[in-house]
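Okay, structure first, notes after.
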Amino acid sequence: MNDLAATFPMIADLLSGRQPGLWAIVGLSLKVSALATLVASVLALPLAAVIALFDFRGRDLLITVLNALMGLPAVVVGLLVYLLLSRAGPLGPLGILFTPSAMVIAQAILVLPLVTALARQILEDSLRELGPYLRSLKASRANLVLTVLAESRLSLLTALLAGFGRAAAEVGAVMIVGGNIEGVTRTMTTAIALETSKGDLALALSLGFILIAVVLAVNACAQWLRVRAHATLG
Amino acid sequence: MQRLVEPPASLALDALGFSAGGQSIVKPVTLVLPLSGRTIVLGPNGAGKSTLLQLIHGMLPPDHGSVGIRQPGAADRPVGAHELGFVLQRPVMLARSVLENVTHALAVRGVARVERGSRAQHVLARVGLAALASRPARRLSGGEQQRLAVARVMAAEPACLLLDEPTAHLDPGATASIERLLRDWSAAGTGFVMSTHDLGQARRLADQIIFMHRGEVIEFSPANRFFAAPETEIGARFLAGDILE
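Residue numbers (the working numbering), protein chains in the order written: chain W, 1042 to 1275; chain B, 526 to 770.
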């Protein structure tokens, strides 16, 4: 309880700027998570579109695998990326282990199946709704794909937010491949883990509340966009 | 715009049929429908009316027979990709403005970008939706949405319109406005083939009737003859209000 009571003055202290490293940590967390979501989306959205809108052999198996991968343990991904990027690993010569780039790669791998699975479901639902209309227009396959993607854009934003949320909350993988180096690869979640292990629970909790507030703010912006778009487009 | 097919042309159905799961949904039917006519496909629910319309349009590929355009003095030819327009029973509105719903349909049908705006405005004026052009289409009433659905199809100037029970979910006022549009367009040369199970609507609109029951075309005759003296007992029972099994 004492730790909880000490949390709120500490949050105020952290936010006042008297802890110079805090904003760098917040900034790095947001940057790594946003970049990871972006990288994952570049792959996930086309993949989701192919699975949702085309029929091909092995489609059901691919869906099952993607759904299973949504529960991919972060530490396992971290370990695999570590092995890939370590000096003896196949991507060792890149020299990016213990850098934010390695953290982006690990988080992107974690986010990819989640965004793909959510986007696939969104696009399938959209196709079910729009399919009869587009068939009645004898729309080409390209027109069908473009229309379904365009009409699903607001819902796809939710899938991206879910991906961002998973990336921002993740600690195991970034700890392994980033190393939690102060000023270089320390993020909100690795800082929370560190302070917890040091026994400074008040500071860990304060960082936790700030992280929740940041994620809430990002989601609130996205929700505002959705409401505005809904008012304009119906 | 030059019409793709100049009347008097007809839709020629040659043994057109469809089966699914070993069951005949539409038994092979051969008949000729004038493109500029007002044809009503009449019958109880489950008679195969919607399937027949989808087969004529090409949304549903037939597993039997074919549909072609027949013109005097020429061999039948395949129906062009955009010669027939189709209006669904429940309109599907895109999450865009009324105007953009029409321009999207024109874009899908390959109309040049420079033409889309003016054609959309023109057709919206004809269906009485010009004042709502910038409104989100999904905010329209059911009747307005169905008028927009008809406008989207008519903007592409098809030779004939196929409508699958377009007023089944509308109130009498909205139904009357759709019927008025169809009458106006048919008077201007664009005919329609429309399914309904509403006898009153069939009497108001039809100049010929296709009467279906259990996937089979039972009668195909001029509307006045069908309503005055149906050729079959089942047609007479339907007109008398019997519930057909």
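Heads up, the beta-carbon is just placed ideally off N, CA and C, and yes, glycines get one too.
With 16 other Cβ atoms within 10 Å as the buried cut-off, status of residue i
i, result
"residue 689(B)", "buried"
"residue 570(B)", "exposed"
"residue 574(B)", "buried"
"residue 526(B)", "Because residue 526(B) sits at a pLDDT of 47, beneath the cut-off of 50, its placement in the model cannot be relied upon, and the point is left open."
"residue 757(B)", "exposed"
"residue 671(B)", "buried"
"residue 581(B)", "buried"
"residue 768(B)", "exposed"
"residue 740(B)", "buried"
"residue 1064(W)", "exposed"
"residue 683(B)", "buried"
"residue 770(B)", "exposed"
"residue 1139(W)", "buried"
"residue 564(B)", "buried"
"residue 1264(W)", "exposed"
Contact with chain B by residue i, beta-carbon distance below 8 Å
i, result
"residue 1170(W)", "yes"
"residue 1274(W)", "yes"
"residue 1236(W)", "no"
Boundaries of the beta strand (DSSP E) in which residue i is found, first to last residue
i, result
"residue 683(B)", "That residue, residue 683(B), is in no beta strand (DSSP E); it is neither H nor E in DSSP."
"residue 536(B)", "535-545"
"residue 734(B)", "733-738"
"residue 550(B)", "548-559"
"residue 747(B)", "741-747"
8 Å Cβ cutoff, residue i in contact with chain W
i, result
"residue 627(B)", "no"
"residue 619(B)", "yes"
"residue 630(B)", "yes"
Within chain W, partners of residue i - CB distance below 9 Å
i, result
"residue 607(B)", "1178, 1179"
Contact set between residue i and chain W, taken where Cβ atoms lie within less than 7 Å
i, result
"residue 633(B)", "1178, 1180, 1184"
"residue 584(B)", "1176, 1177"
"residue 613(B)", "1173, 1174, 1177"
Range covered by the alpha helix (DSSP H) that runs through residue i
i, result
"residue 1259(W)", "1242-1274"
"residue 1163(W)", "1141-1177"
"residue 717(B)", "Not the alpha helix (DSSP H): residue 717(B) falls in the beta strand (DSSP E), residues 717-721."
"residue 646(B)", "638-651"
"residue 1080(W)", "1062-1094"
Neighbouring residues, chain B, relative to residue i (Cβ below 7 Å)
i, result
"residue 1192(W)", "619, 620"
Residue-level contact to chain D via CB, residue i, 8 Å cutoff
i, result
"residue 567(B)", "In summary, chain D is missing from the structure at hand, where the protein chains are W and B."
*Note down, in chain order, all residues in the segment 648-673 of chain B with a beta-carbon under 9 Å from any beta-carbon belonging to chain W.*
660, 661, 662, 663, 664, 665
_Please identify, using Cβ separations under 7 Å, the residues of the segment 1153-1185 of chain W that lie next to chain B, in order along the chain._
1170, 1171, 1173, 1174, 1176, 1177, 1178, 1179, 1180, 1184
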